[in-house]
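Have a look at the structure below, then the notes.
There are 2 protein chains.
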Amino acid sequence: MTFLMLGAVHEMEANLEAALSRIGLSLSKFRTLSHLAEAKEPVPLGALADRCSCVRSNMTQLVDRLEADRLVERVSDPGDRRSVLATLTPEGWERHAEGARILAEMEGQLFARLEEPDRAALTRLVQLLKSS
Amino acid sequence: MTFLMLGAVHEMEANLEAALSRIGLSLSKFRTLSHLAEAKEPVPLGALADRCSCVRSNMTQLVDRLEADRLVERVSDPGDRRSVLATLTPEGWERHAEGARILAEMEGQLFARLEEPDRAALTRLVQLLKSS
DNA sequence: TGTTTATCATTCATCTATGAACGAGACGGT
DNA sequence: ACCGTCTCGTTCATAGATGAATGATAAACA
Chain E
1047 MTFLMLGAVH EMEANLEAAL SRIGLSLSKF RTLSHLAEAK EPVPLGALAD
1097 RCSCVRSNMT QLVDRLEADR LVERVSDPGD RRSVLATLTP EGWERHAEGA
1147 RILAEMEGQL FARLEEPDRA ALTRLVQLLK SS
Chain X
1047 MTFLMLGAVH EMEANLEAAL SRIGLSLSKF RTLSHLAEAK EPVPLGALAD
1097 RCSCVRSNMT QLVDRLEADR LVERVSDPGD RRSVLATLTP EGWERHAEGA
1147 RILAEMEGQL FARLEEPDRA ALTRLVQLLK SS
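In the order they appear, the protein sequences are chains E and X.
Numbering of the first sequence is given in the working numbering, commencing with residue 1047 and proceeding in unit increments.
Numbering of the second sequence is given in the working numbering, commencing with residue 1047 and proceeding in unit increments.
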């Protein structure tokens, strides 16, 4: 059962990854852009790592790559000189919008196979399993 | 919804990974041992990669590490000199059995929170989502 | 005030995964 | 028998993730 769920989700992930790669994004990059877009203001890397459920060292590298892609910029925090903030560039906003369209499309295709009561049931069950 | 499912499964994965690490196994290593144990005979690396749903180059490295752990051995295929077979060492069999106990325990804890109709529903829904 | 403690991001080593390029070997058709 | 093609595993470059160690800075407190 565990391997079955892992397999199903890995399939979803691979599909989404493939779709996002058409616009030069990975799932991790897109998730990072999403949280930055949602925040609507510069976010410290540590907080960003928390929202993305990853460790800080990972976020450091991720922002390195996003900065190389010119989708994100590092800015310094005037109130705390230890802190480094990340913010979306105009191109980052655009790319995130494209990614969001792709995600919506994939979700539509995936859940089209489920009737309505099943969609609700799945949501409920997944929430039950999360946060043990 | 997609990020919710991804999050729930990543949590499961992280828990299992942490539990397996107590006996020096990763989830990938354990999955590989499982398929070898199930086969009960040497398996070509390509076939093993297919069963583990990963690419061959990944299986090459995985078997490198498992061989370094003395859990797996490479043997040559008399019928095809291109082929390399992997087989469990006695220690590999033991370690797999320990891992299987840990997996069973984790599954028990996880699904203890679900009543019976929910368990069946979850299984059905996950199978529906798999193999688009 | 000065010192300890905690927090921030980064670097490094390691593991897992992919895809492209490669060399060795099998195999089908001519 | 030979040639092209396909399949095998490996290597390499790269992406992504973790945890441990580090240096800079803030905060707490004696």
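Note that CB positions come from ideal geometry on N, CA and C, so glycine has one too.
Three Cβ pairs or more, each shorter than 8 Å: is that satisfied between the region 1085–1095 of chain X and the region 1122–1140 of chain E? no
Is SER1072 of chain X helix, strand or coil by DSSP? Here SER1072 of chain X sits in coil by DSSP.
I need the straight-line Cα distance from GLU1144 of chain E to ILE1069 of chain E, nearest angstrom please. For GLU1144 of chain E and ILE1069 of chain E, the distance between alpha carbons rounds to 8 Å.
For the region 1072–1083 of chain E, enumerate the residues whose C-beta is nearer than 9 Å to any C-beta of chain X, in chain order. Among the residues of the region 1072–1083 of chain E, those with a Cβ less than 9 Å away from any Cβ of chain X are LEU1073, ARG1077 and SER1080, in the order of the chain.
Under 8 Å, Cβ to Cβ, is there at least one residue of chain E near GLY1154 of chain X? no
Chain X contacts made by the region 1050–1064 of chain E, where a contact means CB separation under 8 Å: Residues LEU1050, MET1051, LEU1052, GLY1053, ALA1054, VAL1055, HIS1056, GLU1057, MET1058, GLU1059, ASN1061 and LEU1062.
Would you say ASP1110 of chain E lies against chain X (beta-carbon separation less than 8 Å)? no
Going by DSSP, which residues form a beta bridge with VAL1089 of chain E? E:ALA1132
What residue range is occupied by the uninterrupted alpha helix (DSSP H) comprising SER1067 of chain E? Per DSSP, SER1067 of chain E belongs to the alpha helix (DSSP H) from 1048–1067.
Can you pull out the residues from the region 1164–1176 of chain X whose beta carbon lies closer than 8 Å to at least one beta carbon of chain E? ASP1164, ALA1167, LEU1168, THR1169, LEU1171, VAL1172, GLN1173, LEU1174, LEU1175 and LYS1176
According to a CB-to-CB cut-off of less than 9 Å, which residues of the region 1104–1132 of chain E neighbour chain X? none
Report the CB separation of LEU1082 of chain X from VAL1118 of chain X in whole angstroms; it is logged as a contact under 8 Å. 7 Å
LEU1160 of chain E touches chain X at which residues, Cβ-Cβ below 9 Å? LEU1171, LEU1174 and LEU1175
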